[in-house]
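Worksheet: one structure, shown below.
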Amino acid sequence: MSYRAAALPDPVLDTLFGHGAVHTLDCRAHRVRKAMLLSLLKDADGVAALGALVQWRFLAAVTGRPWERQVLFDTAAESLALAVCDWAGLARGRSLQIL
-16 MSYRAAALPD PVLDTLFGHG AVHTLDCRAH RVRKAMLLSL LKDADGVAAL GALVQWRFLA
44 AVTGRPWERQ VLFDTAAESL ALAVCDWAGL ARGRSLQIL
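This note's numbering numbers the first residue of the sequence shown as -16 and each following residue consecutively.
Rendered as structure tokens:
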């Protein structure tokens, strides 16, 4: 039985977490995803490295295109996605739209 999937309204999922986020998983799937995330967050150096990548990506985005109007949410989301891909060692051959 699924409890978490219906716990958050679609507008919240669409803007904050995304469909398939750990917040919507139940039972074993939730425990496995949560354990994976927590194991990554236990490494203070890894978390600091991620924070530095996020800062670098965000500053590069906002200072690299000063003439261009930017939407804060979109710029932050793209910066976070790129930083996490860098941090996790993921190649980004396809568009970030799939994230």
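Think of the CB as a built atom: it goes at the ideal place given N, C-alpha and C, for glycine as much as any other residue.
Keep in mind that this is a model prediction, so the values were computed, not measured.
With DSSP run on the structure shown, which of helix, strand or coil describes residue i?
{"i": "Leu8", "result": "coil"}
{"i": "Gly47", "result": "helix"}
{"i": "Gly29", "result": "helix"}
{"i": "Leu63", "result": "helix"}
{"i": "Arg40", "result": "helix"}
Does the distance from the C-beta atom of residue i to that of residue j stay below 8 Å?
{"i": "Leu63", "j": "Val45", "result": "no"}
I'd like the list of long-range same chain contacts for residue i, defined as Cβ closer than 7 Å, with 5 residues on each side in sequence excluded.
{"i": "Gly34", "result": "none"}
Can you give me the Cβ contacts of residue i inside the same chain, cut-off strictly under 8 Å, excluding the 5 residues immediately before and after it?
{"i": "Gly29", "result": "Leu23, Trp70"}
{"i": "Ala59", "result": "Phe41"}
Here's a check: name, in chain order, each residue in its chain whose Cβ is nearer than 6 Å to the Cβ of residue i, leaving out the five neighbours to either side.
{"i": "Arg52", "result": "none"}
{"i": "Leu65", "result": "Arg40"}
{"i": "Leu73", "result": "none"}
{"i": "Arg14", "result": "none"}
contact_flag[the region 40 to 47, the region 8 to 20] where n(CB pairs < 8 Å) is 3 or more: These segments do not touch.
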